[in-house]
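Asks:
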Amino acid sequence: MGFLILSDGTYFQGRSIGASQDGVGEVVFNTSLLGYQEILTDPSYLGQIISFTAPHIGNVGMNAHNYESSKPHISGAIFRNISQEVSFFLKKHRIPALTDLDTRALTLHLREKGSQLGTLVHSNDCSLRNALNISQSAKKKAQSIEQYDFLENRASIVVKSHPNLRHIVVVDCGLKSSILNCLSNFSLSITRVSPNLSFDELMSLKPDGVILSNGPGDPDAYPNLIALTQALLDQHMPLFGICLGHQIFALAAGAKIFKMKSGHHGANHPVQCVTSRRVFMSSQNHHYAVLDSCLPEALKVTYRSLLDHTIIGLQHQYRPAFSFQGHPEAHPGPHEGMFLFKQFVQSVFDATS
Amino acid sequence: MPRHKNLKSILLIGSGPVCIGQGSEFDYAGMQALKALKEESLRVILVNPNPATLMTDPSWADATYLEPITYEFLSRIIEKERPHGVLATLGGQTALNAIVALYESGLLAQFQVEILGTSIETLYQTENRALFQSQMLTIGQSIPKSCTAYSQDSALMAMQTLGFPCILRQSFSLGGSGAWVIQNEAEAQVTLSHLNRLSLQDPIILDEALIGWLEFELEVIRDCLGNAIVVCAIENIDPLGIHTGDSVSVTPIQTLTDREYQEMRMAAFSIMNVLQLVGGCNIQFAVHPTTRQRVVIEANPRVSRSSALVSKATGFPIAKVTTQLALGYTLDELTDQIGSMAFEPTLDYVVIKIPKFQDEKLFLESIPLGPKMRSVGEVMAIGSCFAESLQSALTSLDPSIIGLNDCRALLLDELKKQMKARTPKMFWLIAEAFRRGFTVERLYEMTFIAPWFLRQVQQLIQIEQYCLGDSLVELSRQDLRHLKKHGYTDSYLAQCLKTTESKVRDYRKSLHLTPRYHPIDSTAGELSVEASSFYSSYHGLCERLDLNGARPKIMVIGSGPNHIGQGLEFDYICVKALQAFSREGYETIMVHCNPSTVATDESFADTLYFTPLTVEKILDLVEKEQPRYVALQFGGQTPLKVLDALTAADVPLLGLNFSIFQQTEDRKKFRTFIQEHGLAQPPNHIVSTLAEAYDLLFFLEFPVIIRPSFVIGGQGMKVVVDARMFIDTLTDLLQGGADAVLVESYLHAAIEVDVDVISDGETIFIPAFLEHIEAVGIHSGDSACITPPLSLNQDLLMALQQQSRLIAHALHLTGIFNIQFAVQGEKIFILEVNPRASRTIPFVCKATGIDVVGMAVECLLGKPLSSMLPQCPPKLPYYVVKEAVLPFYQWPQAFCELGPEMRSTGEVMGIGKTPEEAYLKSQMATRPFHWPKPGDMLYISELQEAMVLIEALRRQGYIIVHQLHDATPPLYLFILDKNSEAFRFALKHHLPYTSTLRAAEMMVRSLSDACSLNFLEPIQVL
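Structural data, given as structure tokens:
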């Protein structure tokens, strides 16, 4: 037995199959049909409890190629049906999880009431009252999730290095390894750096281009990185923001951000290129979006969501910088957006030659 | 990009008669196309000779031609109507073949008709294997390897290159009998030397054997700008080698990683791009189970059976969007209530399709499933998990199927044998194997079904073994809920716990366990969508709300999967009934499980439920919805299977009730009824025991017709010609549980007449008398028929009318019912009364232009016939013939003589100024044959009875032969002596033939000079 208790008091019952502990986090749903391994190991989900809407999760086990980071960063996971391999994986990484839970009712609730904090209460002999008590005390703990250090106290990690190649610095706010894989298709030197780096530290790496990665949480929680990005823009540094990085870029360029009701979390989100009107599907996982009404003149909208017309892509009019709210690196999700990496690499070459 | 400017009128080509592999899904596609074209205010010219279709209802197109889909007729229609564009991607292969023929003749260019959607060049590239392969190679897609060898040595070398196992075929082999699976080099040597001994000179074809590969289908839509989406991906549970139409399939896909799926998806897009496809397209891939290598199997540049399935599974209208894209729109310009149509559905439920087989009717029981499709229909079920969906799908196939219990009695050897033989019973066999302790690994080796699916079945067996004790009362609420969440039916639990279904139902309800209804939702709950289609589940919360609308509710029960005897016609009737009930102010609820129907298009009923048509599910729905009436008489025989139980549960039924049903279907009661009312049946006897059968032998004059009680499609009916056959047949029937069997004298020289009667309880209306062309004894569904009748005088028609009225009164029938009469000279006999809408109604509607179903609905709701139009049957200034389409050309193994058991899969119609013209057109519409003209050679049996015909044909200048030679086949065969050689010859050479004297006489008259084919009018002007 186990319960998911939302902060509005709504509760859902399930069967505990993960680690023998409780979890607290913002409860979000993801509608991807496949790619659960990528989602579970995507650092962007740090501190969140993910509910999968797909009926069966874990059918293909855990595969060596499909990790987006070395371990799951989530606070909990919720399934309707789950395979043994995945529940073992979660146990191993001390992630609490529930299965046999009514994920559709949960999804509809989150859709109507907005995403909210929840407690995943694990127990073998738990009454609802106990669970509610546990959730009350657990919630206090949750208030203080520290900003996570994905580089584990290191300032930078060299991914690939060659003196004759252009050097791309990837600011790691919770980087998915697929972004590095996408860059690896080009002949580049690549370095991962912490978002807390100063401008001088960053410039000392002599980057030819900078990628602002995806990551968890509210972009306003990264004031240092926003300032850093402003400085890079002033330097005419080729820049590509992905997901959280898109929001950071927008803030640095003077735009504003708002929190969406339940965000976009799925692998089937249509986006349209504003100029060519071409449409493609994208993987999206974001809770915040760039506000349309006070977009600075310097930023031009390149892509919009065809579902709610929110801004999905931006291009700086006067700097070699652009960004995409979705996940061009895919994994999970459609591969159509991968051309954006090519576009970025092209801008790096244009700027340096 | 808005639609092409200059389009004002469009020619839409349908798919013709229903045959195996091309069924009602194309009527559904055509209907969506028609709706999309009407939204654009375009003039639509439709060609489809299939009268059972909804698309040919006069209310849809502007000009509907029920004419053969052949070059000859299409060219005349184009010349007459001058359409600006032609749309051929919604009418299956039939329409594609037609458009290619029109293009190649230059006719389209001559009349400046634009081909909309996918271009001719693309069609060539997908149809021509070599062109397709080279295109695939240019974009780096692998395809199954294949080569041709002309000698033993080159064959060996080719096999070594291909790798083992591979498939070796003789190029001339028919029906796959000359194909070998070669496992290794030693086997190759043996087989080749064997072939050498046979001294075969033909080249040998070697194919990579993709045995055990997983099969996936992507339903892709692309617009003219190159925007493309995958509406849905389907995984075929049966591995490669079994036709996709014969495979159990599931959506969403279950056994690919995201990486594998996304790469497949990108491959599908590059295929669409290189072929420049526009509209809906189906692309099939195979994936190796361990190396995960992927190959492209084929691309179908048109909407297909799978498109219909996917449309119903997701709510995404593929055929409608295909039509709009063909008009020049792009995906971003199209919207529905979710928003943009450039959207890939994502599901939070599991959809399973299971094909419906009738191998017993087609004599295919001993042939394993293979690359040639033979299923006759399909069902779709939805569940919140795989198990719930699977069990729901199994019971949807037939309400009498009770879960996974069927194979319990099989001996172990037999079980293993059947499993390897690839029969349609695979899931029952697997379940039984798990009960006997087989492992997943072992079953995988035997079946090549992906282990994930096997484990799902294994889990079901574990659950039932864990939860099911000895009695119902021991079953806890928690366990029962667990069982119900995994799709166990009340009837299955009753069987396992040795109790009755109603006791399980009562017990379940006492524990407050009732199904919840969830919407078919293409966003997995992410977006709020107003849904009108639902499925039932024991998971989650009920989302069917707002049950108390202002209007009274009517619940119409559909006909279930298409099968021989019950097809598209009942889809037509159900939809027309839904429309009529809506007009009368009712809120309509449709209950169905067949994805390839128009009735399951969400726009025809206010609410649609996708559930099995079982007592359990229907009673659940009745309790949930509280309809004013439930209507069982529009879905053929299937809904009548629940009549008994619904009556027992006091469900308010509209019109039909159990006592009427018993009086007409129970042969004994019907016989008494006929005698009591001074009517006549052919001389007959009722047999209930074998002893009675032996007694009867002394009186019988053969042939006799045997009619068991409660049947559809003539199942179990037979013409019996001698005593031995008589005893054998009755032994089978009586041992099979039949009670009253009617043994009926064969009426020589009698004419069968079908009438559909509308009754308001007082007066009746007969829109048309259908005179059969074939003699009594051939099932009405397999007979051609003609209206107005040729050989019935006014007095006889009056008498038929009178007897119909008498039957309506005596049985208290209101609404619609069907009577089959036999007329012998001046005498009238009653063969059968069917107290429900019959197969002939769509044909009657098209032939007369009367909305028969609408009138019946008004009668059922209490309106008098006197308030409706028309008052008397119209005098038709033309003749209309309906002809059956038989499956024998596709499956020569299935060939048999026509008899009282129905074999046809579909029907066509022909209209003409004369009976001959109508008849000939109906024959031409059945298949694209080459029709004989004077001077051509005809075969005719050398019989005394045929002398007149032979003379008549000779006078017309035909060359008559009585022998058959492969080198010089005749163009038409009159096989009047049951010569099986001649039948085989006709099927082998795809030649038209006739096998009864009546039809032969009609055909001879039709082949004469007097028969011109001038009549060419849309039914709207008739």
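Here the protein sequences line up with chains V and L, keeping their order.
Numbering-wise (our numbering), the first sequence opens with residue 455 and increments by one.
Numbering-wise (our numbering), the second sequence opens with residue 7 and increments by one.
Heads up, the beta-carbon is just placed ideally off N, CA and C, and yes, glycines get one too.
1. If the criterion is Cβ atoms closer than 8 Å, does the pair methionine 596/L and glycine 571/L meet it?
2. Considering just the uninterrupted stretch of the beta strand (DSSP E) at aspartate 485/L, what are its terminal residues?
3. Which chain L residues are close to histidine 789/V, counting only those with a beta carbon under 7 Å from its beta carbon?
4. Taking Cβ-Cβ distances shorter than 8 Å, what residues in chain V pair up with glycine 531/L?
5. Out of Ile455/L, Pro295/L, Val280/L, Ser253/L, state which residue places its alpha-carbon closest to the alpha-carbon of isoleucine 358/L.
6. Measuring straight from C-alpha to C-alpha, what distance separates leucine 682/V and cysteine 748/V?
7. Show which residues of chain L have a CB atom less than 9 Å away from the CB atom of alanine 784/V.
8. Histidine 519/V CB to nearest chain L CB: under 8 Å?
9. Specify the secondary structure class of alanine 655/L as computed by DSSP and reduced to three states.
10. Among all the DSSP beta bridges, which residues are the ones paired with valine 106/L?
11. Expressed to the nearest angstrom, what Euclidean distance is found between the alpha-carbon atoms of tyrosine 945/L and lysine 724/L?
12. Opposite leucine 52/L in the DSSP bridges: which residues?
13. Indicate whether leucine 798/L and threonine 737/L have their beta-carbon atoms separated by less than 8 Å.
14. Considering only the beta carbon of each residue, do methionine 874/L and glutamate 864/L sit closer than 8 Å?
15. In terms of residue numbering, what span does the beta strand (DSSP E) encompassing lysine 984/L cover?
16. Can you name, in chain order, every residue of its own chain whose Cβ lies under 6 Å from the Cβ of glycine 181/L, other than the five neighbours on each side?
17. Would you say glutamate 241/L lies against chain V (beta-carbon separation less than 8 Å)?
18. In chain L, which residues lie less than 8 Å from arginine 758/V when you measure between Cβ atoms?
19. Considering Cα atoms alone, identify which of Leu586/V, Gln701/V, Gln467/V is closest to histidine 545/L.
20. Would you say alanine 58/L and tyrosine 578/L are within 8 Å of each other, going by their C-beta atoms?
21. Based on Cα-Cα distance, which residue from Ser486/V, Val482/V, Asp662/V lies nearest to glycine 787/V?
22. Does DSSP put valine 914/L in a helix, in a strand, or in coil?
23. Could you please give the first and the last residue of the uninterrupted alpha helix (DSSP H) stretch that includes asparagine 635/V?
24. Does serine 598/V get closer than 8 Å to chain L when you measure Cβ to Cβ?
25. Would you mind reading off the limits of the alpha helix (DSSP H) that contains threonine 445/L?
26. Taking 8 Å as the cut-off, decide whether the C-beta atoms of valine 1/L and valine 636/L are in contact.
27. So the candidates are Pro934/L, Ser789/L, Tyr335/L; which of them puts its Cα closest to the Cα of cysteine 230/L?
28. Roughly how many whole angstroms lie between the Cα atoms of valine 613/V and histidine 785/V?
29. Rounding to the nearest angstrom, what Cα-Cα distance links glutamine 195/L and isoleucine 217/L in this structure?
30. Comparing the C-beta of methionine 735/V with each C-beta of chain L, is any distance below 8 Å?
31. Show which residues of chain L have a CB atom less than 8 Å away from the CB atom of asparagine 722/V.
32. Can you pull the chain V neighbours of serine 390/L, defined as C-beta to C-beta under 8 Å?
33. How should methionine 425/L be labelled, buried or exposed, when 16 other C-beta atoms within 10 angstroms of its C-beta is the threshold for buried?
34. Report the three-state DSSP secondary structure of proline 457/L (helix, strand or coil).
35. Hey, how far is the Cα of serine 183/L from the Cα of arginine 175/L?
36. Only counting the same chain, and skipping five residues up and downstream in sequence, which positions put a Cβ closer than 7 Å to that of lysine 41/L?
Replies: Concretely, from the data shown:
1. no
2. That residue, aspartate 485/L, is in no beta strand (DSSP E); its alpha helix (DSSP H) goes 483-491.
3. Near histidine 789/V (Cβ distances below 7 Å), the residues of chain L are Gln268, Met272.
4. Phe483, Thr485, Thr507, Arg558, Thr561, Leu562, Arg565
5. Ser253/L
6. 22 Å
7. Asp264, Arg265, Gln268
8. yes
9. Alanine 655/L: coil per DSSP, three-state reduction.
10. According to DSSP, which records beta bridges pairwise, valine 106/L is partnered with nothing at all.
11. 29 Å
12. Leu18/L, Thr70/L
13. No, these two residues do not count as a Cβ contact at 8 Å.
14. yes
15. From DSSP, lysine 984/L is part of no beta strand (DSSP E); its letter is neither H nor E.
16. Here the model assigns glycine 181/L a pLDDT of 34, short of 50, so the residue's position is not dependable, and the following value carries that caveat. Cβ-Cβ distances below 6 Å link glycine 181/L to nothing in the same chain once the five nearest sequence neighbours on each side are left out.
17. no
18. Contact annotation for arginine 758/V against chain L: no contact, minimum CB-CB distance about 10 Å [criterion: below 8 Å].
19. Gln467/V
20. yes
21. Ser486/V
22. strand
23. 631-638
24. Unreliable positioning characterises serine 598/V in this predicted model, as indicated by a pLDDT of 46, which lies under 50. The coordinate reading is nonetheless provided below. It does not: the Cβ of serine 598/V has no partner Cβ on chain L nearer than 8 Å.
25. Per DSSP, threonine 445/L belongs to no alpha helix (DSSP H) and is neither H nor E.
26. Examination of residue 1/L is not possible in this model, given that chain L is present from 7 through 1028 alone.
27. Tyr335/L
28. 20 Å
29. 21 Å
30. The beta-carbon of methionine 735/V is placed less than 8 Å from the nearest beta-carbon of chain L.
31. Phe349, Glu350, Pro351, Thr352
32. Pro509, Arg534, Arg558
33. buried
34. helix
35. Here the model assigns serine 183/L a pLDDT of 40, short of 50, so the residue's position is not dependable, and the following value carries that caveat. The straight-line gap from Cα to Cα measures roughly 9 Å.
36. Contacts found: Lys326.
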